[in-house]
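Chemist:
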Amino acid sequence: MALSHKAKRRWSLVILLVGLPIWIVVASSVMTALGRPPILVELLVYMVLGVVWALPFRSVFRGVGQADPGRPHDEDGR
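Numbering (our numbering), first residue to last: 2 to 79.
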C-alpha cells in the first residue's frame, strides 16, 4: 500500500517528533542497564543505533523533502 505524499509528510513528522525521542530514551536506558562499556565501544553502539532506527522508515522518508509530484506546478516552477 503506497502512501500519498501528504501522508508521508505527516508520518515522517510523527516518527521524528514522537518515535525518535522514544528510541533515544530506550537506547540510552538499555546501554545504562548493561553497564558502561569503554567510550569507543559506547560511541560505536550509539552510532549504529543512530542509523538502525531509520532503516524501517526509509520508504516514509523517501521524497518527503521534494515537491508533491501530484500537485500541478505554476509557470515559474513553484
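For glycine and all other residues, C-beta sits at the position ideal for the given N, C-alpha and C.
(1) To the nearest angstrom, how far is it from the Cα of Gly66 to the Cα of His6?
(2) I'd like to know whether the C-beta atoms of Trp100 and Trp54 end up nearer to each other than 7 Å.
(3) Cβ of Leu50 within 7 Å of Cβ of Ala68?
(4) Comparing alpha-carbon positions, which option in Leu4, Ile40 and Phe62 lies nearest Leu14?
Modeler: Let me lay it out:
(1) By 1-based counting over the sequence shown, the position of residue 66 is 65. By 1-based counting over the sequence shown, the position of residue 6 is 5. Cα to Cα, the separation comes out at about 10 Å.
(2) It is not possible to answer for residue 100, since the shown part of the chain is limited to 2 through 79.
(3) Residue 50 sits at position 49 when you count from the first residue of the sequence shown. Residue 68 sits at position 67 when you count from the first residue of the sequence shown. Contact: no.
(4) As a working note, residue 14 is residue 13 in the sequence shown. Residue Phe62 is the option with its Cα nearest to Leu14.
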